[in-house]
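Have a look at the structure below before the remarks.
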Amino acid sequence: MIPAGSLLTARDLRKTYGTTPALDGASFSVHPGEVVAVMGPSGSGKSTLLHCLAGIVTPDEGSVTYDGRELSALPDAERSALRRGDFGFVFQFGQLVPELTCVENVALPLRLDGVKRKQAERTALEWMRRLEVEQLAGRRPGEVSGGQGQRVAVARALVASPRVVFADEPTGALDSLSGERVMELLTESARTAGTAVVLVTHEARVAAYADRDIVVRDGRCRDLDHVA
Ligand code: ADP
Ligand code: MG
Numbered sequence: 001m002i003p004a005g006s007l008l009t010a011r012d013l014r015k016t017y018g019t020t021p022a023l024d025g026a027s028f029s030v031h032p033g034e035v036v037a038v039m040g041p042s043g044s045g046k047s048t049l050l051h052c053l054a055g056i057v058t059p060d061e062g063s064v065t066y067d068g069r070e071l072s073a074l075p076d077a078e079r080s081a082l083r084r085g086d087f088g089f090v091f092q093f094g095q096l097v098p099e100l101t102c103v104e105n106v107a108l109p110l111r112l113d114g115v116k117r118k119q120a121e122r123t124a125l126e127w128m129r130r131l132e133v134e135q136l137a138g139r140r141p142g143e144v145s146g147g148q149g150q151r152v153a154v155a156r157a158l159v160a161s162p163r164v165v166f167a168d169e170p171t172g173a174l175d176s177l178s179g180e181r182v183m184e185l186l187t188e189s190a191r192t193a194g195t196a197v198v199l200v201t202h203e204a205r206v207a208a209y210a211d212r213d214i215v216v217r218d219g220r221c222r223d224l225d226h227v228a
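Here my numbering is used: the first residue of the sequence shown is 1, the next is one more, and so on.
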């Protein structure tokens, strides 16, 4: 059964790498516009869960349902289209394209979607303004700080108005002050846009920005709100 009103639901996911179990019966759900933190120690299965939810990794067992559709039942092309159109991603190290300027990086999801350069860059600049990095538009990723680069990455994740943003340790490589600013701006912008966020982190300080916390341990999820 899928929880009422849920946008993205994982049921009893199992995934093994060789003999290493990464997920061992993990269930999870996120509602539209909700910010959920996925916590847990290193190696507990957080990134694997996120990759399964985003349709990047196919679980050995269990199901992921997005907006009423079972991800594993979709043809590859449809799953990729979904990832491009409905999902946004922020990784630990921005993964910006070094040869492109910051505004070209932010505009990239729109360009891939067929939006004309001028329009795409106008929308990109608007998101960069919200993330307070508009002034870096013409620089390349190698010419900005770690915190600035992550804000550019957040702008890129949000530019195509996704319904879910997946963020895997988005502040993991930042000092605490710039990490907090990235989190403030990410959660503020997502809430304004009504975008759900699945936020993987092992830092309680970062999880404090979420509406709800989930803990992953040994490949299983525990909803902290349901613990007496
Ligand atoms: P976390 O993100 O919580 O640190 P992961 O999901 O990355 O945890 O990993 C869970 C377990 O699965 C770990 O034991 C890890 O070594 C293993 N694992 C994850 N991805 C791979 C992979 N591509 N190949 C082999 N083992 C993997
Ligand atoms: Mg990880």
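All C-beta atoms, glycine included, are put in the ideal place defined by N, C-alpha and C.
For Thr9, name the three-state secondary structure that DSSP assigns.
-> The residue you call residue 9 lines up with position 9 of the sequence shown. Correct three-state label for Thr9: strand.
Other residues of its chain near Phe93: CB distance less than 7 Å, five sequence neighbours each side excluded = The sequence position of residue 93 within the sequence shown is 93, counting from 1. The beta carbon of Phe93 sits closer than 7 Å to those of Ala173, all from its chain and outside the five residues before and after it, given in chain order.
Any alpha helix (DSSP H) of 4 or more consecutive residues that is wholly inside the segment 177-228 | Taking only runs of at least 4 residues, the alpha helix (DSSP H) segments lying wholly in the segment 177-228 are 204-207.
Tell me the DSSP bridge mates of Pro21?
-> Position 21 of the sequence shown, counting from 1, holds the residue named residue 21. Residue pairing by DSSP puts Pro21 in a beta bridge opposite Thr16.
When Gln150, Thr192, Val38 and Ala160 are compared against Glu180, the one with the closest alpha-carbon = Reading the sequence shown from its first residue, position 180 is the one you call residue 180. With distances taken between Cα atoms, Glu180 lies closest to Gln150.
Nearest residue (CA-CA) to Val164, options Leu131, Thr20, His51 and Gly25 = Position 164 of the sequence shown, counted from the first residue, corresponds to residue 164. Measuring from the Cα of Val164, the nearest candidate turns out to be His51.
Say the cut is 8 Å; is the CB of Thr20 nearer than that to a heavy atom of ligand 1?
-> Looking up residue 20 in the sequence shown gives position 20. At least one heavy atom of ligand 1 is found less than 8 Å from the C-beta of Thr20.
With DSSP as the reference, label Gly85 as helix, strand or coil.
-> Locating residue 85 in the sequence shown gives position 85, where the first residue counts as 1. Gly85 falls in the helix class under three-state DSSP.
Would you decide whether Arg205 is buried or exposed? Buried here means 16 or more other CB atoms lie within 10 Å of its CB.
-> Numbered from its first residue, the sequence shown carries residue 205 at position 205. Burial check for Arg205: the Cβ neighbour count within 10 Å stays below 16, so the residue is exposed.
Specify whether the segment 51-66 and the segment 109-126 touch according to this definition: at least 3 beta carbon pairs, one from each stretch, less than 8 Å apart.
-> No, the segment 51-66 does not touch the segment 109-126.
State yes or no: is the C-beta of Thr187 nearer than 8 Å to some heavy atom of ligand 1?
-> For the purposes of this step, residue 187 is taken as the residue at position 187 of the sequence shown. Checking the Cβ of Thr187 against ligand 1 gives no.
Are there three or more Cβ pairs, one per stretch, closer than 8 Å when the segment 56-66 is compared with the segment 128-136?
-> No, the segment 56-66 does not touch the segment 128-136.
Cα separation between Pro98 and Asn105?
-> Looking up residue 98 in the sequence shown gives position 98. Looking up residue 105 in the sequence shown gives position 105. Cα to Cα, Pro98 sits roughly 9 Å from Asn105.
Taking Cβ positions, are Ser145 and Ser178 nearer each other than 9 Å?
-> For the purposes of this step, residue 145 is taken as residue 145 along the sequence shown, with counting starting at 1. For the purposes of this step, residue 178 is taken as residue 178 along the sequence shown, with counting starting at 1. Judged by their CB atoms, Ser145 and Ser178 are nearer to each other than the 9 Å cut-off.
Which value, in whole angstroms, describes the spacing of the CA atoms of Asp113 and Arg84?
-> Numbered from 1 along the sequence shown, position 113 holds the residue referred to as residue 113. Numbered from 1 along the sequence shown, position 84 holds the residue referred to as residue 84. Each residue's alpha carbon lies about 8 Å from the other.
Rounded straight-line distance, which links the Cα of Val103 to that of His226 | Within the sequence shown, numbered from 1, the residue matching residue 226 stands at position 226. Within the sequence shown, numbered from 1, the residue matching residue 103 stands at position 103. Because His226 sits at a pLDDT of 48, beneath the cut-off of 50, its placement in the model cannot be relied upon, and the following sentence gives the value as read from the coordinates. When rounded, the separation of the alpha-carbon atoms in His226 and Val103 is 42 Å.
Any idea if Gln119 is buried or exposed, counting beta-carbon neighbours within 10 angstroms, 16 or more meaning buried?
-> By 1-based counting over the sequence shown, the position of residue 119 is 119. By the Cβ neighbour-count rule, Gln119 is exposed, with fewer than 16 other Cβ atoms within 10 Å of its own.
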